[in-house]
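As structure tokens, the structure follows; a few thoughts come after it.
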Amino acid sequence: MKLGVICDGISRDLAHTVNVMDEFGLEYAELQFVGDTEVGDHSADEIAEIDKLLRDRGKPVSCLSRHVFAGLTTANTPGDADHAKHMDALKRVIDMAHVVGSPLVRIMTNKKEQILWGHGGAEKWNVARGAWDKTLPLIAPAVDLARAEGVTLVVETGNGTMVNSNYTARKLIDDLDAKDVLKVLWDPANNCWCHERMFPDGYDEVKDGYLGHIHIKDVQVDTPRATLEVRRMGHGQLADQFAPLADALRTDGYDGVISFESVYHPGNGDFEAGFRQCIDLFKDHFG
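Numbering of the sequence shown is given in our numbering, commencing with residue 11 and proceeding in unit increments.
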């Protein structure tokens, strides 16, 4: 399968990250921060340098991953000042995608309301009424822009965002009638917070044409204690599910990229060291 890494999880020095990618045979570069700058904020000259480095080293860009729409709430409305800033940023990321040849651009969703739908009385007492319906028009202009620009967006299943499961990601796509230009960026570890099991439950939600990109890491969640621990791959709650997921992806002919997300460190803040402790198992499963 197509394997890559979110580059700034190793280092924001892209040249160094590419050296590490070569060391471990990873091909696809997912860009989030390069230097101290988030994608969408680089100058034209900086983008040209990034493009040249990656093309010269044979590292196609898999996805440009800015935190578009993250931090918005249901109090925001389409076209207000905050929403306009995110749309402007998205336009800049799409412009960069055209230069570096990225097939995907990530978006997020606004902050999570916990209970969106309910029955048997919950619809009156517990549901954040209207929250989901307020989310759709915040994302719809991005879908329109993607169609106009000829790019594909991927919406990440994020911690603390309205789309925090494959179920809600698929529902967003269906409710916006956007399956042609909007896919799921599935981060199964993030979905652990809402207790959506990676395999087979999460996979079954997106396997029929909704899945565009995958992030892999391992975690242990303790929702009652509001605590998240990133763990060395194979030592968290996803350990027993990586192999069956990888087998299913192969069987079903998944042709997208799987990015390792290097957000684990072995207690010393050294994320490259954490990467080196995890990457062999990642490749064993998904390579």
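Ideal placement from N, C-alpha and C gives every residue a C-beta, glycine not left out.
- Shortest Cα-Cα distance from K144 to any of G128, P113, E133 and L182 involves L182.
- According to the DSSP assignment, L63 belongs to the alpha helix (DSSP H) that extends over A54 to D66.
- E166 is positioned such that its CB atom lies closer than 8 angstroms to that of M118.
- A distance of 8 angstroms or more separates the beta carbons of D154 and V110.
- Restricting attention to beta strand (DSSP E) runs no shorter than 3 residues, the stretch 140 to 203 encloses them at 162 to 166 and 192 to 196, ordered along the chain.
- For the options E215, D185, N136 and T27, the alpha carbon positioned closest to that of S175 is the one of E215.
- Closest in C-alpha terms to C17, from the list D55, A58, G128 and K69, comes K69.
- Under the three-state reduction of DSSP, G50 is assigned to coil, being neither helix nor strand.
- By the criterion of a C-beta distance shorter than 8 angstroms, D257 is surrounded by no residue of its chain, once the five residues flanking it on both sides are discounted.
- For L82, the closest C-alpha among the options Y38, L13, Y177 and K122 is that of K122.
- Distance from S272 to F252 at the Cβ level is roughly 16 angstroms; contact not present, criterion being Cβ atoms closer than 8 angstroms.
- Taking the C-beta atoms as reference points, K134 is found no nearer than 8 angstroms to V164.
- By the Cβ neighbour-count rule, D228 is buried, with 16 or more other Cβ atoms within 10 Å of its own.
- Closest in alpha carbon position to F270, among D187, C73, Y220 and G279, is C73.
- One Cα belongs to I57, the other to V137, and the distance between them is close to 45 angstroms.
- Under the three-state reduction of DSSP, V273 is assigned to coil, being neither helix nor strand.
- When DSSP states are grouped into helix, strand and coil, Q230 belongs to the strand group.
- The C-beta distance from L36 to L13 rounds to 5 angstroms, short enough to fall under 8 angstroms.
- For V191 against A156, the beta-carbon gap comes to about 4 angstroms, under 8 angstroms, which counts as contact.
- Using a Cβ distance threshold of 8 angstroms, T171 and N120 count as a contacting pair.
- Distances from the alpha-carbon of Q124 to those of W203, F281 and A99 put W203 closest.
- Distances from the CA of L63 to each of Y274, I289 and L24 were compared; the closest alpha carbon is that of L24.
- Going by beta carbons, C288 and R235 fall outside the 8 angstroms limit.
- In the structure shown, the three-state DSSP call for L24 is helix.
- Rounded to whole angstroms, the gap between the alpha carbons of P198 and D265 is 18 angstroms.
- Cα atoms of Y213 and E206: separation of roughly 10 angstroms, rounded to the nearest angstrom.
- The beta-carbon separation of V30 and E282, rounded to 7 angstroms, stays under the 8 angstroms limit for a contact.
- In the three-state DSSP reduction, V30 falls in the helix class (H, G or I).
- Counting along the chain, no beta strand (DSSP E) covers I125, and no H or E run does either.
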